[in-house]
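Here my numbering = 1-based position in the sequence shown + 86.
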Amino acid sequence: MNSKETKKIAAQDKIPSIQKFIYGLGAFVNNLLGAAIGGMLIVLNLGLGMNPALVGLLGALPRLTDALTDPLMGYISDHSKTKWGRRRPYIFFGAIAAGIVFALLWQVPRDQSESFYFWFFLIGSVVFYLAYTVFATPWVALGYELTPDYHERTSLMAVQNFMGQIAWLTAPWFLWFMQSDLLFDDMIEGAGWLAIIIGAFTICVGILPAIFLKEPLSKSAVDKQINSDDNEVASAPKVKKEEFPVGIGDFFKGFLATIKFKPFLRLCAATFLVFNGFMMVSSFQTYVIIYYVFGGDQALGAEYAGWSGTVSAISTFCVIFIVTKLSASLGKRRAFYTVTGISMLGYALKWVCYNPDYPLLLLLPPVLIAFGLGGLFTLMGSMVADVCDFDELKTHERREGMFGSIYWWVVKLGMAVALAAGGILLNVTGFDVALGGEQTADTIFLMRLFDVVIPIVTSAIAIWMLKGYPITEEKAHEVRQELEARKQR
């Protein structure tokens with residue numbers, strides 16, 4: 087077949103637009119929860135006066151548990167057999183649990199010690215992330231099963247990526263909402279009501295994929311697995327399939343094989359660096375805007391920070407389409423170099439555009455910075471899919487679930503490390519919330535310096551990491567041909 091011909095999608099493989107939309111709602115809920123739990127932590131410092139380093143730890147420590155729970159949840163979901171499917175029960179009850187726990191987490195008792203607040207939020211956050219994992223991991227897996235067609239899967243992922251970005255349009259306004267004098271007595275009360283709204287939305291919308299989507303491949307996949315298991319053990323000593331140690335052995339075998347695959351590790355490292363650099367200064371820049379650009383005016387600073395985030399989200403929508411074109415013309419790796427370089431220019435512009443005399447200029451850098459994350463999550467998903475093919479060629483196994491869970495754990499790890507490091511860096515600058523707009527000149531300088539330099543350095547290292555990535559367009563085509571030929575033998 088001519089390489090320029092487009093394979094027509096079979097009617098039975100097409101996903102109706104309404105089902106793509108419903109799956110995309112899961113992306114909106116997923117991103118909204120991720121943005122909320124990170125963005126609302128600033129309340130612990132500005133509202134409760136907690137040490138920024140402790141606030142950073144509260145953002146980091148619960149996410150480290152995902153190193154085990156994410157792959158384990160994927161494994162459990164893969165091996166579940168219910169009349170409702172392997173994914174949908176977890177999505178349904180996970181959304182309800184995550185919504186309830188998140189709402190309760192921010193009903194903060196008043197007049198308690200810093201130690202009490204630390205343990206209150208640490209324990210509550212761990213419980214929340216467990217519920218979050220029960221929802222999110224099977225939801226991601228469900229997307230792989232909605233159609234067997236390669237191009238229709240791409241269409242589905244484009245819809246969910248686009249809808250997931252909508253969450254970032256609302257997230258920048260959380261701080262403005264929580265400290266609104268017209269609505270609440272203080273920021274703590276505002277956080278409590280915002281958490282209730284987000285929790286209720288999570289429950290009402292998060293259960294929709296479980297209710298209205300089907301798992302067209304799940305039954306046949308389970309039947310095939312059962313038949314395969316029966317054939318394999320026919321001549322072996324009889325062992326109960328539900329015996330737990332067998333599952334544990336399979337889990338760790340697949341886990342270790344995945345984390346040893348070098349092309350995949352390069353993608354994980356590049357993602358960690360780009361995302362970590364962005365997240366480390368994402369809350370940091372709010373302090374720069376409030377205390378440098380607006381001299382400590384929290385209300386005005388929060389409003390402009392909200393507009394900056396909105397501009398960034400809108401720009402990311404556009405970037406998704408631009409990156410797709412760049413990838414087709416330059417290849418995925420060179421497209422990554424290009425968009426990451428543009429984002430580095432955006433970070434550098436902060437030094438000039440964060441100007442107390444011209445505050446509107448701070449809306450310019452987000453337009454360029456959006457190329458970083460917009461390009462990252464448009465390109466990396468496609469590159470991980472190429473890695474799965476390359477891995478199959480070498481191992482004769484398909485491990486999309488394990489690759490996906492580990493990759494997204496790296497993203498979460500980047501957020502955890504960034505939140506912890508951000509709090510430490512804020513302490514290093516000498517920032518004192520009690521001083522308000524009277525921060526020292528050295529503090530303001532270090533805040534601005536970290537805000538600009540750190541993401542530039544991490545992005546540059548990410549570009550260097552991908553120089554050794556071996557899967558070019560030509561190599562991916564060769565791998566695909568060999569896999570197809572193997573199926574015919």
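Each residue gets a CB set at the ideal place from its N, CA and C atoms; glycine is no exception.
It should be emphasised that the depicted structure is a prediction, and the values quoted were computed from it without experimental measurement.
Nearest-angstrom beta carbon gap, residue j and residue i [assumed within contact, 8 Å]
| i | j | result |
| --- | --- | --- |
| Met249 | Leu111 | 7 Å |
| Tyr555 | Pro349 | 6 Å |
| Leu119 | Ala189 | Not really, about 12 Å apart at Cβ, beyond 8 Å. |
| Trp495 | Asp152 | 5 Å |
| Ile334 | Ile492 | With 8 Å as the limit, Ile334 and Ile492 do not qualify as a contact, their Cβ atoms being about 17 Å apart. |
| Phe370 | Leu499 | Not confirmed; about 19 Å, so no contact. |
| Gly417 | Glu559 | 5 Å |
Residue i versus residue j - alpha carbon distance
| i | j | result |
| --- | --- | --- |
| Met366 | Met273 | 23 Å |
| Gly145 | Leu127 | 7 Å |
| Pro355 | Phe489 | Note that residue 355 is Ala in the sequence shown here, rather than Pro. Each residue's alpha carbon lies about 14 Å from the other. |
| Val129 | Lys480 | 49 Å |
| Trp262 | Leu143 | 24 Å |
| Phe536 | Gly125 | 19 Å |
| Leu506 | Met136 | The amino acid occupying residue 506 in the given sequence is Ala; Leu does not appear at that position. Rounded to the nearest angstrom, the two C-alpha atoms are 14 Å apart. |
| Ile293 | Phe221 | 9 Å |
| Ala296 | Ser413 | 34 Å |
| Leu379 | Gly427 | Reading the sequence as shown, one finds Val at residue 379 and not Leu. One C-alpha to the other measures close to 26 Å. |
| Asn116 | Ile289 | 12 Å |
| Glu275 | Pro195 | 10 Å |
| Asp336 | Lys167 | 18 Å |
| Ala139 | Ala97 | 55 Å |
| Leu268 | Val438 | 34 Å |
| Lys339 | Thr155 | 16 Å |
| Val453 | Ala527 | 29 Å |
| Asn317 | Met243 | In this prediction, Asn317 has a pLDDT of 45, which is less than 50 and means its spatial position is unreliable; what the coordinates show is noted afterwards. Their backbone Cα atoms lie some 36 Å apart in a straight line. |
| Phe260 | His482 | 47 Å |
Proximity winner among the options, relative to residue i (alpha-carbon distances)
| i | options | result |
| --- | --- | --- |
| Ile547 | Met430, Leu299 and Lys169 | Met430 |
| Ala277 | Glu478, Ala257 and Ala217 | Ala257 |
| Thr464 | Ala421, Leu446, Ile455 and Ala527 | Ala421 |
| Thr515 | Ala506, Pro442, Met533 and Leu150 | Met533 |
| Thr372 | Val543, Gly509, Glu564 and Gly210 | Gly509 |
| Gly363 | Trp259, Ala471 and Ala502 | Ala502 |
| Phe407 | Asp443, Phe457 and Gln384 | Phe457 |
| Lys561 | Met469, Phe517, Leu450 and Trp170 | Met469 |
| Ala520 | Gly335, Gly382 and Cys290 | Gly382 |
| Arg566 | Thr558, Pro541, Asp475 and Ile540 | Asp475 |
| Phe361 | Leu242, Thr558, Ala113 and Ile542 | Ile542 |
| Phe202 | Gly180, Ala217 and Leu134 | Leu134 |
Chain-order list of residues whose beta-carbon lies under 7 Å from that of residue i (same chain, five-residue window excluded)
| i | result |
| --- | --- |
| Ser163 | Arg172, Arg173, Tyr176, Thr223, Pro224 and Ala227 |
| Ala121 | Ala253, Trp254 and Ala257 |
| Ile455 | Ser398, Ser429, Gly432 and Tyr433 |
| Val212 | Pro148 and Thr151 |
| Ala281 | Phe188, Ala189, Leu191 and Trp192 |
| Thr396 | Leu255 and Pro258 |
| Thr219 | Asp152, Thr155, Asp156 and Met159 |
Neighbourhood of residue i by C-beta, 8 Å cutoff - its chain only, sequence neighbours within 5 removed
| i | result |
| --- | --- |
| Gln105 | Leu232, Phe298 and Leu299 |
| Ile375 | Gly387, Tyr390, Ala391, Ser394, Tyr440 and Leu448 |
| Thr652 | As displayed, the chain neither begins before 87 nor continues past 575, which places residue 652 out of reach and without an answer. |
| Phe107 | Val245 and Met249 |
| Tyr423 | Ile549 and Leu552 |
| Val405 | Val425, Ala456, Phe457, Gly460, Gly461 and Thr464 |
| Phe341 | Pro157, Met488 and Ile492 |
| Phe330 | In this prediction, Phe330 has a pLDDT of 38, which is less than 50 and means its spatial position is unreliable; what the coordinates show is noted afterwards. Around Phe330: no qualifying Cβ. |
Nonlocal neighbours in the same chain, by C-beta distance under 6 Å from residue i, ignoring five residues either side
| i | result |
| --- | --- |
| Ile186 | none |
| Ala286 | none |
| Lys305 | For Lys305, the predicted model reports a pLDDT of 40, less than 50, meaning its position is unreliable; a value from the coordinates is still stated below. If we look at Lys305 and ignore the five residues flanking it on each side, it has no Cβ neighbours. |
| Tyr377 | Gln525 |
| Gln384 | Ile376 |
| Leu359 | Thr544, Ile547 and Ala548 |
Min CB distance residue i to chain C below 7 Å
| i | result |
| --- | --- |
| Gly110 | The structure shown contains no chain C; it holds only a single protein chain. |
Heavy atom of the ligand NAD within 6 Å of residue i beta-carbon
| i | result |
| --- | --- |
| Leu512 | The ligand content of the structure shown is nil, which means the ligand NAD is not present either. |
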